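Single-structure report; data block below.
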Amino acid sequence: MKKFITTTKIKKKGLAVIMLAVLSAGILQGCGSNAASASAKGKIDQDGVVKVKFASGTNNWPFCYVDEEGNPAGFEFDLIKEVDNLLENYEFDITSTEWEDLVTSVKLGKLDIASWTIKKTPEREKEFLFADEWVTTQKFYLTVGANNEEIHSTDDLQGATVDGSHPDEYIYVLWDKYIKEHPEQNINLIASGNPLNDAGIEALQNGSTDAVFMDDVTVAGQNEKRGKVLKILGEPVSEEHGFYIYSEGNEELKEAVDEAIIELKENGTYDELYDKWFSFITDELIK
Amino acid sequence: MGKYFTWEGFFKAAPLIIKYLPVTLGITFITLGIATVIAVLVAAIRVYKVPVLCGICKGYLHIIRGLPYVVLLLLVYYFLPFLVFKLFGIDINGWDKKVFVIIAFVIHEGAYIGEIFRAAVEAVPKLQQEAAYSVGLTQYQAFFRIILPQSVKVAIPAYGANFVELFHNTAITYMIGVMDFIGRATSLGGASFNYIETYLFVAVVYAAISIAIEFLFKYVDARYQFGAKVKV
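Chains A and B supply the protein sequences, listed in that same order. Residue numbering for the first sequence follows our numbering, starting at 1 and increasing by one per position. Residue numbering for the second sequence follows our numbering, starting at 288 and increasing by one per position.
Structural data, given as structure tokens:
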């Protein structure tokens, strides 16, 4: 009898769990269709101004970071402020957040527009509405520790250990592609999570990691802040643009912002901002 | 390590990060306050086996205790707005992120502290309750005058440990972009590349506050020794 009661209890619990799962799945399924309506998108105030939520990153100097006063700062934020100045019908609420939150919030409609040197990939274009007009440019180079005298080009990567940072990241994709094209070099690709933190830089210095693909801005930033710890080799292996991404249903906003970016490039404002944040990059600093 | 760590970087980062400690402490204390109230209710329902509610509480405890903090936080932050919108037509996406953090932590802590309270009440021998009834106390009087004071004594060490754990767990709030103590340290590390200095400072502050909380609860525990000499 006791066994029967226990079995019945287990069955009831199991049924309850299944019902809960079905209910949750039902609600979650509904989420997608309600994403647009539940977001802040399209909130129009009394003057007809559309409120737009924008975010960029917190820890990618000089693109986007948090300054000493705790405010969002960097090229990305300055650029969107100029866009905001141009677009009278829109008012941008500008914040900073972490990468995972940035992309998830755009996907769910918690943010209307986001930027963090986001490159276009076929997978990402299926998930997000990408801008047509680019906002950042990065040239990626083969990069080694400043004291490395053994590697002078990709020809010297035989048996090398290289750091792709994280499988989600663009530089990992670059390495993956390179290794598939050069299987004879037996390159060992690792994903340390962040080749630019202290441990990552130390690894490049002491040779436990041989090389990374890095953009010139990042290399210059590292050398500017830490002293000469990295150097780039040869010509860029890739040049990539970063784009704004938009949450679903923001086509009109996308068109307006794209036009504003074109205007900022044409009237010289974009170049002024670029010089403000990136003119510290010199050949001496990165080679 | 010399070039990766400088005391100059440490002391430069310290005042910039410490300004955000009140955010972390605020989240911790508000969570603890609300969660304690919920925990008392959960424990009372479980101890007195209130029909229907007892089953709901059991389900709540089973589910929440099976979820890591970070999963619960992400669910509350990303899923709750949709749920509220679907059920009530209210858009809560614009709420301060800290509100979502506190909701998630309260849900989590309500379950954990509720179990601490339930175990503490059940640790008081049944004879105490029966003795209270035998001298004419009602169930209400027996609980508040006899059972509760003794169970508080039992609950203090575990409650203190939970407090410290909650304080540590608030470190994940930066994941959703809340600029708290850890969030500021992370962003500052990213801007200055002084990762070791910023995280070392964070570690020192976390350790100092955790030790202070532990001592506070040891002191309170000792005070509850009823006649025994206070020794901390």
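All residues carry an ideal CB built from backbone N, CA and C; glycine is no exception. Remember, it's a predicted structure, so these values are computed and weren't measured experimentally.
Since T97 (chain A) and G381 (chain B) should fall inside the 8 Å C-beta cutoff, what is the C-beta to C-beta distance between them, to a whole number of angstroms?
The C-beta separation of T97 (chain A) from G381 (chain B) comes to about 15 Å, leaving the pair out of contact by the 8 Å criterion.
Would D163 (chain A) pass as a contact of P183 (chain A) if the rule is Cβ separation under 8 Å?
The answer is no: Cβ separation not under 8 Å.
Output yes if chain B places a C-beta closer than 8 Å to the C-beta of K110 (chain A); else output no.
It does; some Cβ of chain B falls within 8 Å.
Note down the Cα distance separating D112 (chain A) from Y365 (chain B), rounded to an integer number of angstroms.
Using only the alpha carbons, I get a separation of about 15 Å.
So with CB distances below 9 Å, who are the chain A contacts of F375 (chain B)?
By Cβ distance, chain A contributes nothing, its closest Cβ being about 11 Å from F375 (chain B), past 9 Å.
Just the chain A side, please: which residues come within less than 7 Å of F480 (chain B) by C-beta, in chain order?
Here the neighbours are Q222, K225 and R226.
Using the beta-carbon count (16 or more within 10 Å), is M288 (chain B) buried or exposed?
Low confidence applies here, because M288 (chain B) scores a pLDDT of 45, under 50, leaving its location unreliable and the question unanswered by this model.
Entirely within the stretch 225-272 of chain A and at least 3 residues each: give me those beta strand (DSSP E) ranges in chain order.
List check, beta strand (DSSP E) in window: 230-246.
Report yes or no: is there a C-beta of chain B within less than 8 Å of the C-beta of V66 (chain A)?
Answer yes: the Cβ-Cβ gap between V66 (chain A) and chain B drops below 8 Å somewhere.
Nearest-angstrom Cα separation, counted from Y506 (chain B) out to G207 (chain A):
Using only the alpha carbons, I get a separation of about 52 Å.
Give, in chain order, every residue of the stretch 185-213 of chain A whose Cβ lies closer than 8 Å to some Cβ of chain B.
So the close ones are L196, N197, D198, I201 and E202.
How many Å lie between K228 (chain A) and L142 (chain A) at the Cα?
In a straight line, the C-alpha of K228 (chain A) is about 16 Å away from that of L142 (chain A).
Y65 (chain A): first and last residue of the uninterrupted beta strand (DSSP E) it sits in:
It spans C64 to V66 - the beta strand (DSSP E) in which Y65 (chain A) sits, taken as one unbroken run.
Okay, do the stretch 390-406 of chain B and the stretch 321-335 of chain B touch, 3+ Cβ pairs below 8 Å being the bar?
Contact between the stretch 390-406 of chain B and the stretch 321-335 of chain B is present, because at least three Cβ pairs lie under 8 Å.
Between D467 (chain B) and T293 (chain B), is the Cβ-Cβ spacing less than 8 Å?
Contact check for D467 (chain B) against T293 (chain B) fails: the beta carbons are separated by 8 Å or more.
Less than 8 Å between CB atoms is the rule here; does R352 (chain B) satisfy it with respect to chain A?
For R352 (chain B), the answer is no, since every Cβ of chain A falls outside 8 Å of its Cβ.
For W99 (chain A) and K177 (chain A), the rounded distance between their alpha carbons
The straight-line gap from Cα to Cα measures roughly 24 Å.
Determine the extent of the beta strand (DSSP E) in which V52 (chain A) is found, giving its start and end residues.
V50 to S56 is the span of the beta strand (DSSP E), which, as asked, contains V52 (chain A).
In terms of residues, what are the limits of the beta strand (DSSP E) holding T137 (chain A)?
Taken as a continuous stretch (DSSP letters only), the beta strand (DSSP E) holding T137 (chain A) covers T136 to G145.
Pull up the DSSP beta-bridge partners for A73 (chain A), would you.
As DSSP reads the structure, A73 (chain A) sits in a beta bridge with A:Y65.
Mind checking whether the beta-carbon of L102 (chain A) lies closer than 7 Å to any heavy atom of the ligand MN?
As presented, the structure is devoid of all ligands, the ligand MN included, so that no description of it is given.
Short check: CB of P122 (chain A) to CB of I94 (chain A), under 8 Å?
Contact flag unset, no.
Spatial neighbours of A495 (chain B) within its chain, please: C-beta separation below 6 Å, excluding the five flanking residues on both sides.
Residues of the same chain with their beta carbon placed closer than 6 Å to that of A495 (chain B) are lacking, with the five preceding and five following residues left out of the count.
When we look at the beta-carbon of T425 (chain B) and count the other beta-carbons within 10 Å, is it buried (16 or more) or exposed?
Here T425 (chain B) is exposed, its C-beta having fewer than 16 other C-beta atoms within 10 Å.
Going by other Cβ atoms of all chains shown within 10 Å of its Cβ, with 16 needed for buried, is E76 (chain A) buried or exposed?
With 16 or more other Cβ atoms from the protein chains shown falling within 10 Å of its own Cβ, E76 (chain A) counts as buried.
Contact list for R471 (chain B) against chain A, beta-carbon separation under 8 Å
Counting only Cβ-Cβ distances below 8 Å, R471 (chain B) has contacts in chain A at V66 and G70, in chain order.
From V411 (chain B) to K440 (chain B), what distance separates their C-alpha atoms?
Cα to Cα, V411 (chain B) sits roughly 10 Å from K440 (chain B).
Taking the continuous beta strand (DSSP E) assigned at W116 (chain A), which residues delimit it?
Run containing W116 (chain A): I113 to I118, per the beta strand (DSSP E) assignment.
Could you work out which residue in A:K126, A:L253 and A:K53 is closest to S288 (chain A) when comparing CA atoms only?
Look at the range of chain A in this structure, 1 to 287, and you will see that residue 288 (chain A) is not part of it.
Applying a beta-carbon distance threshold of less than 7 Å, which residues of chain A neighbour G477 (chain B)?
Within chain A, the residues near G477 (chain B) are T58, N59, N60, W61 and Y65.
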